[in-house]
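Inspection log for the structure reproduced underneath, given as structure tokens.
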Amino acid sequence: MNKMLKALGAVSVLCFAQSALAADLVCHLNVKSGGNVYGNGTAHCSGLDFSFGSSTSGSYNIVNINKMVKSVIWSGNAKCSGGTSCGVTVRAYSVNQASATILYQDGTWEQTNTATMEYETGK
């Protein structure tokens, strides 16, 4: 019983350490002058402006990387070829989502969380 508790404790510590070192995907949404953005630097960004435009720009960025990156495979609305940042066009009244698979130089890999951007415009 004592050995089993020690093993469970070791597994718990390893799981916590792994999640504490995990890379995060965050978003940054740009809106026109006079608009408001909520959540830049988090996994969910939303914005509103009164430009009556059909789209705006934004970016997805991978943060908290603790190893040397070999390459990044973007998925969802992020159509970039590598790099830890990906600029995107965010269409009004639609949901823009992305995630990334990070391939590290030591041969390991990591799948990020999914980040979301939403944009509204008008009066």
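Mind the numbering: the sequence shown is residues -22 to -1, 1 to 101 in mature numbering (1 follows the signal peptide of the UniProt record, and there is no 0), read in order. Yeah, the Cβ is synthetic: ideal placement off N, Cα and C, and Gly gets one too.
The DSSP-derived three-state label of I43 is coil.
Beta-bridge partners assigned by DSSP to C23: M95.
Within the DSSP bridge table, the entry for V73 names E96 as partners. In this structure, the CA atom of R69 is about 15 Å from the CA atom of C5.
Q89 is bridged by DSSP to T79. By the Cβ-count criterion, S37 is buried, with 16 or more other Cβ atoms from all chains shown falling within 10 Å of its own Cβ. Of the candidates V50, D27, N91 and Q83, the residue whose Cα lies closest to the Cα of Q75 is N91. Contact annotation: N55 and V66 have beta-carbon atoms nearer than 8 Å.
In this structure, the straight-line span from the alpha carbon of F28 to that of K57 is close to 27 Å.
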